[in-house]
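**Q** A single structure is presented below for examination.
Numbering (the UniProt record's numbering), first residue to last: 1 to 808.
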């Protein structure tokens, strides 16, 4: 019996090619879109889900702002972990990380600059359950000057040789430190918020870093450490969190410790000094909603088109019933066709997924794979899709099985009006989804254009930061002198307009800022509650970056107070409650203990971290030490050939001064734009899936129009016999859809406002909701509706009325 059903189903699909192609295409696009989006969603949600991660928490700082504590820095003190373990029995262990953005390694004559590594406690492998390929997890990080390499980094340094017990040199803060390789670990998964390519034993901090002779001892002075806690199973997290908050272990009136699950960090945490740019749970929610909208729309389209065809199959159903077919058999037959059609759609959908996955990865910036492991994780979604396929096939099946054999054979089956309310509700839902998605696309595009075009208060164009690591055993003062020599020699190149040295620059990592709490002015205006951020620069920095001064000017070389000059920004004045720049110009400011600094200039605010973050109260200190060497190229270097020639000359000069050192550079405009990469990728994905949603919705509208034409064909015939024109028939059929579109538009406006405002809240500085966005979304939806409906309407308007009235 099933074999017969299958043959009939295949024959029917082949006979009705257009119907089959439209249905299969719509379902394939819907399923493929759903799979692609949910692959990305699953990838983002899989961060830090290693074995035992449910009991691992990160401690971070809350800071007092006014009378309220708010989430503060992701980094804590080196005393945080030991103190929490000692005070709370729920804390079984801790591990501290001191993060290196990159370090330079030397093995023999080979010099490599390697990113992403940390100083860590010996407990690392007890808490982070990552495989250690060589070495003993209990001892690899127990001794000073020990290092564990990732598998890929070990391959870079030693090739196929055994790296254990080998010595590597590492350069940091102008010092060379010898380290012994005690272990090799598997590469840390991409789905880890804190990636390390090398681990150095925490005891090495005493010799590797330049924090001073006692900085490595437990203290509450430097919050440069990321601290993770391993909690006992079944710990009541809310109770422990409150105990930690109330403990005051840091003995501070303005800050306190807090904890968060490691599994939540990637999607829910966006704190200062995060070790990496995290994802966004809001983006994940948006994409998940789009995935289900697309999938459900594809099913609704199938229902609409199948319902349309069921009118044409009434005689077939009548003949089968007269021949003895039971209603259940007709239902099974119809379901068989549905399952077969969806099987073809699923096959094509998976082919689309595999074929478009590389492009999708480029858009999202990830490396998603649809391997067996991913397929197993996707099993619940496949079950959901299968359930949806069955449900989508039931309504047309039941509808087809209801027809009276007598009426069906006489051709007098009338389209049911019982479900007209449901069908109108479905079309309003489709219009609603289309308008919301269109509005979202326009607002996202407008916000990204706002980010790209908003003046940032500094000029990052044609500016390059040189920041190669200096491999040298010279003292800091000699290295700094070499750096100044390089700067002077580069200034002699005709294609270089300006040079400057600074610790950081617009678009750079938050890690390159220092912070202080407690700023004091002579007139008694003090601020202990807020955090002020600081970095050092040379006098040429402000001119090169084209940062405008409101009062005063840049640092003065060879003055009596040279090392204690500062420049502050507008937000510094606002935070301190100062109304005029002149109130603080040339005054003495005290912070960092009793250190006094003279304010020589006040600059206009500029966006150091882009428009997603608020402008911070900034203090720029005068310091002549080596850091980033900034060079501004002239207009002759804008061409590719000119730029390549300029970079070659700069690199040659670098190696003349620092012959053993690596050369690295960053274009400031690219670095600044990189802050918006995730938002732009999200915008592209949103646009693509909005277009696909509209395409699928249009197919559904096509099906509903066809159903409406069948329902009203006799009415149209009578009107044409009575003299109705083609325009009048088009108006008759289109106006009902226009009314439904208008209703959907009225519902969609407040919903779009609410939803998109949620997304825009992720930006401190954002575009506004212009009336034309909603008008454009409504007009676009109206145009799509008119073109889709008019195709079927026009066919009905030009049809011979005799054909529709001949059975009367």
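Beta carbons: idealized from backbone N, C-alpha and C, even for Gly.
Beta carbon of residue 686, beta carbon of residue 441: below 9 angstroms?
**A** yes
**Q** Are residue 569 and residue 531 touching if we call contact CB-CB under 9 angstroms?
**A** no
**Q** Whose CA, out of 580, 579, 678 and 642, lies closest to the CA of residue 612?
**A** Looking at the Cα atoms, 678 is the closest of the given residues.
**Q** Comparing alpha-carbon positions, which option in 714, 694, 763 and 490 lies nearest residue 656?
**A** 490
**Q** Roughly how many angstroms separate the alpha carbons of residue 786 and residue 303, rounded to a whole number?
**A** 22 angstroms
**Q** From residue 458 to residue 499, what does the alpha carbon distance come to, in whole angstroms?
**A** 15 angstroms
**Q** Report yes or no: do three or more beta-carbon pairs, one from the segment 17-33 and one from the segment 42-56, lie closer than 8 angstroms?
**A** no
**Q** Just the C-alpha distance for residue 187 and residue 789, rounded to the nearest angstrom, thanks.
**A** 56 angstroms
**Q** Could you tell me which of 32, 51, 691 and 694 sits nearest to residue 351, measuring between CA atoms?
**A** Of 32, 51, 691 and 694, the residue nearest in Cα terms is 32.
**Q** Using the three-state DSSP reduction, which class does residue 380 fall into: helix, strand or coil?
**A** DSSP places residue 380 within a helical segment (H, G or I) once states are collapsed to three.
**Q** Whose C-beta lies closer than 8 angstroms to the C-beta of residue 604 among residues of the same chain, with five residues either side of it excluded?
**A** For residue 604, where only same-chain residues beyond five positions count, the Cβ hits under 8 angstroms are 457, 547, 548, 549, 550, 569 and 570.
**Q** To the nearest angstrom, how far is the alpha carbon of residue 760 from that of residue 614?
**A** 14 angstroms
**Q** Quick check on this structure: which residue in 77, 106, 19 and 47 has the alpha carbon closest to the alpha carbon of residue 662?
**A** Checking every option, the nearest Cα to that of residue 662 belongs to 106.
**Q** So, for residue 224: in the same chain, excluding its five sequence neighbours on each side, which residues have a beta-carbon less than 7 angstroms away from its beta-carbon?
**A** 75 and 98
**Q** If you reduce the DSSP assignment to three classes, tell me which class residue 410 lands in.
**A** Summary for residue 410: the model assigns pLDDT 49, below 50, so the residue's position carries little reliability, and this model does not support an answer.
**Q** What is the DSSP secondary structure of residue 113, reduced to helix, strand or coil?
**A** strand
**Q** Kindly list the residues whose CB is nearer than 6 angstroms to the CB of residue 81, restricted to its own chain and excluding five residues on each side of it in sequence; keep chain order.
**A** 94, 96 and 227
**Q** With a threshold of 16 other CB atoms inside 10 Å of the CB of residue 382, please say whether the residue is buried or exposed.
**A** Under this definition residue 382 is an exposed residue.
**Q** Which word fits residue 752, buried or exposed, when buried means at least 16 other C-beta atoms lie within 10 angstroms of its C-beta?
**A** buried
**Q** Per DSSP, what kind of secondary structure is residue 123 in: helix, strand or coil?
**A** coil
**Q** I think residue 181 touches residue 164, with their Cβ atoms under 8 angstroms apart; what is that distance to the nearest whole Å?
**A** 6 angstroms
**Q** Name the one or two DSSP bridge partners that residue 261 has.
**A** BP columns for residue 261 point to 57.
**Q** Which same chain residues end up closer than 6 angstroms to residue 250 when comparing Cβ atoms and leaving out the 5 residues on each side of it in sequence?
**A** 220
**Q** Which residues bound the beta strand (DSSP E) around residue 186?
**A** Here residue 186 belongs to no beta strand (DSSP E), and DSSP marks it neither H nor E.
**Q** Rounded to a whole number of angstroms, what is the C-alpha to C-alpha distance between residue 688 and residue 726?
**A** 36 angstroms
**Q** Would you call the segment 577-593 and the segment 480-487 in contact, with 3 or more CB pairs under 8 angstroms?
**A** no
**Q** Alpha carbons only, please: which of 574, 68, 37 and 763 is nearest the one belonging to residue 254?
**A** 68
**Q** Mind checking which residues open and close the alpha helix (DSSP H) that includes residue 752?
**A** 726-760
**Q** Taking DSSP as the reference, what is the three-state secondary structure of residue 448?
**A** helix
**Q** Taking 8 angstroms as the threshold, find out whether the segment 739-757 comes into contact with the segment 691-698 through three or more Cβ pairs.
**A** Result no; under three Cβ-Cβ pairs closer than 8 angstroms.
**Q** Just to confirm the assignment: which complete alpha helix (DSSP H) runs, minimum length 4, are found wholly within the segment 226-279?
**A** 237-247 and 262-268
**Q** Going by DSSP in three states, residue 597 sits in which element: helix, strand or coil?
**A** Here residue 597 sits in strand by DSSP.
**Q** Taking contact to mean 3 or more Cβ pairs, one atom from each stretch, closer than 8 angstroms, check whether the segment 108-124 and the segment 193-201 are in contact.
**A** Per the Cβ contact rule, the segment 108-124 is in contact with the segment 193-201 (3 or more Cβ pairs under 8 angstroms).
**Q** Below 8 angstroms on the Cβ atoms is my guess for residue 781 versus residue 438; work out the distance and round it to an integer in Å.
**A** 6 angstroms
**Q** Alpha helix (DSSP H) containing residue 465: first to last residue?
**A** Taken as a continuous stretch (DSSP letters only), residue 465 belongs to no alpha helix (DSSP H), being part of the beta strand (DSSP E) at 463-466.
**Q** Let me make sure I understand the geometry here. Which of 606, 348, 373 and 514 has the alpha-carbon closest to that of residue 455?
**A** 606
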